[in-house]
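Asks:
Protein chains in written order, with the numbering used here: chain B, 65 to 197; chain D, 18 to 402.
#1: By alpha-carbon positions, which one of 88/B, 182/B and 163/B ends up nearest to residue 155/D?
#2: Report buried or exposed for residue 275/D, applying the criterion of at least 16 other Cβ atoms within 10 angstroms of its Cβ.
#3: Please classify residue 169/D as buried or exposed, where buried requires at least 16 neighbouring CB atoms within 10 angstroms.
#4: Could you give the distance in angstroms between the alpha-carbon of residue 250/D and the alpha-carbon of residue 181/B?
#5: Residue 377/D to residue 340/D, Cα distance in whole Å?
#6: Hey, is residue 156/D's beta-carbon within less than 8 Å of any beta-carbon in chain B?
#7: Report all residues from its chain with a CB closer than 8 Å to the CB of residue 61/D; omit the five preceding and five following residues, and keep chain order.
#8: Just the C-alpha distance for residue 111/D and residue 396/D, rounded to the nearest angstrom, thanks.
#9: What are the residues of the segment 212-242 of chain D that lie near chain B, defined by any Cβ-Cβ distance shorter than 7 Å?
#10: Considering only residues of the same chain and omitting the five flanking positions on each side of residue 95/D, which have a CB-CB separation below 6 Å?
#11: What number of angstroms, rounded off, separates the C-alpha of residue 198/B from the C-alpha of residue 89/D?
#12: For a contact defined as C-beta to C-beta under 9 Å, what are the partners of residue 133/B on chain D?
#13: Any C-beta of chain B within less than 8 Å: which residues of the segment 251-281 of chain D qualify?
#14: Taking Cβ to Cβ, would you say residue 233/D is nearer than 8 Å to residue 51/D?
#15: Check whether the segment 241-260 of chain D touches the segment 382-400 of chain D, counting contact only when three or more Cβ pairs, one atom from each stretch, lie closer than 8 Å.
#16: Tell me the rounded alpha-carbon separation between residue 168/B and residue 131/B.
#17: Could you run through the segment 88-102 of chain D and flag, in chain order, every residue whose CB is less than 7 Å away from some CB of chain B?
#18: Interface residues of chain D around residue 150/B at Cβ under 7 Å?
#19: Using only the alpha-carbon positions, how far apart do residue 32/D and residue 40/D sit?
#20: Would you report the Cα separation of residue 208/D and residue 154/B, rounded to the nearest angstrom?
#21: For the alpha helix (DSSP H) containing residue 185/B, list its first residue and its last residue.
#22: Excluding the 5 residues preceding and the 5 following residue 178/B in the sequence, name in chain order all residues of the same chain whose CB lies nearer than 7 Å to its CB.
#23: Between which two residues does the alpha helix (DSSP H) carrying residue 211/D extend?
#24: Using a C-beta cutoff of 8 Å, does residue 74/D count as contacting chain B?
#25: Report the rounded CA-to-CA distance for residue 214/D versus residue 149/B, giving the unit in angstroms.
#26: Classify residue 89/B as buried or exposed, calling it buried when 16 or more other Cβ atoms lie within 10 Å of its own Cβ.
#27: Among 100/B, 147/B and 192/B, which one has its Cα closest to the Cα of residue 170/B?
#28: For residue 189/B, collect the residues of the same chain with a Cβ closer than 6 Å to its Cβ; drop the 5 residues on either side in sequence, then sort them by chain order.
#29: Is residue 104/B helix, strand or coil by DSSP?
#30: How big is the Cα-Cα spacing for residue 315/D and residue 227/D?
#31: Compare the beta carbon distance of residue 101/D and residue 57/D with 8 Å and say whether it is the shorter of the two.
#32: Where does the unbroken beta strand (DSSP E) through residue 129/D begin, and where does it stop?
#33: Along the chain, where does the beta strand (DSSP E) that runs through residue 258/D open and close?
#34: Within 10 Å of its beta-carbon, does residue 144/D have 16 or more other beta-carbons around it, so buried, or fewer, so exposed?
#35: DSSP puts residue 155/B in a beta bridge; with which residues?
#36: If contact means a Cβ-Cβ distance below 8 Å, which residues of the segment 367-396 of chain D contact chain B?
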């Protein structure tokens, strides 16, 4: 396979369970045991109520495109294979995620329903992306 | 506690940005604009006893202010860096006023300069952005503002022509600004819409151009201001707010933290948006101006698009807005791009707008915006008659 040259996530102790789940092709989020909010990206305390009673839950993988852009000319040379669709996905459970929509740019719309898909970009790294539902 | 009337801007220095930095250095540019601003204020370097500086991307470092002050040969009673992105210059003005009001110093040099050219955007250095943004290609500011624009179009029906109008009117003013980078050719809405699409829905002419340059402002105590060479431009109100860094995690991407920042600034000033003679909203992109005019209260939420179509935003118009051309026409020399809004407001209120002078301008609103609609710092400034 060709060498992957784009930035890769370096998991922290806080986020490692998220990326390990992605490698299993599962989308998991932290959930606050006190206020029950789902949390993204992973934190050490709930950003809403500041509780440290956080646990991981597998979530539906369903969501919608809150907004998006088609990057025609990327600011970084690592993404010189533009165009690509960058989006803010609002998950059914509430949190918003930065991700890519794996679809033809012409087909993407604000509020469009999407579902999770997993991109094994290297043997050790899986990115969480979305495709039209 | 209030900063109303506690300090005034009395001098400015600003370079015409250049597209190719050549042999320039950020510290060298700082020395040039510092000298210009101190002379403009009618002060000597020894009078400067406060120093607020933005760290240049081209020559970064920790514990930066003392190093920059040493290069300039300053002895100061208060020094700090201001690190709130494009809001840093506006943020410096009230921080300077606060330090003066607290009796810490009398004359603060606020300074920013940077070298920049179109090229590779470095991946983010904040760990969570490296981890959760960069892998998906959310690098640099373009993507975030494009997503704001798309959502704004979806929620409020804002159109590409409305956004383009901002760039067009600002260019008309830039034609009268010898310091502006793009001041040789008028733009039409069709010119903007026919420029290359960079990040849907934003075209090339809706996006700031990186350049090299610098700017400086002297903020002084009332005692110094009364003896100043220029009419002092008083700080009447200031407000600041942030609720996110990456736009994905903002409570709303179309309603910005400008709302509480501007509300605080107008409250301190005891004034309203309709009282302003000029507005200088940060304009890294056309959509930024539309969102700012809404959230600062110049029009209703969602009506920014129709507002910019119904009003003439040029220096000669009924709503003079970014009369220096905005950064879209002036160029963005790093943090100095954000200072261009503050220097222009000061210049207009001092009556030094030259061919683009807004007649009788006495009250001005400035907004500084950092990151992706993240840090917001709003100012209300006044020339007293």
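The beta-carbon is built from N, C-alpha and C at its ideal position, and this holds for glycine as well.
Replies: Inspection of the coordinates gives the following:
#1: 163/B
#2: buried
#3: buried
#4: 56 Å
#5: 14 Å
#6: yes
#7: 55
#8: 8 Å
#9: 214, 215, 216 and 217
#10: 67, 116, 121 and 122
#11: In the structure as shown, chain B starts at 65 and stops at 197, and residue 198/B therefore has no counterpart that could be examined.
#12: 159, 160, 161, 162, 163, 164, 166, 167, 216, 217, 218 and 219
#13: 263, 264, 265, 266 and 270
#14: yes
#15: yes
#16: 16 Å
#17: none
#18: 153, 154, 155 and 160
#19: 15 Å
#20: 35 Å
#21: Not the alpha helix (DSSP H): residue 185/B falls in the beta strand (DSSP E), residues 177-186.
#22: 127, 128, 129, 153, 165, 194, 195, 196 and 197
#23: 206-211
#24: no
#25: 14 Å
#26: exposed
#27: 147/B
#28: 72
#29: coil
#30: 29 Å
#31: no
#32: 124-131
#33: 250-258
#34: exposed
#35: 127/B
#36: none
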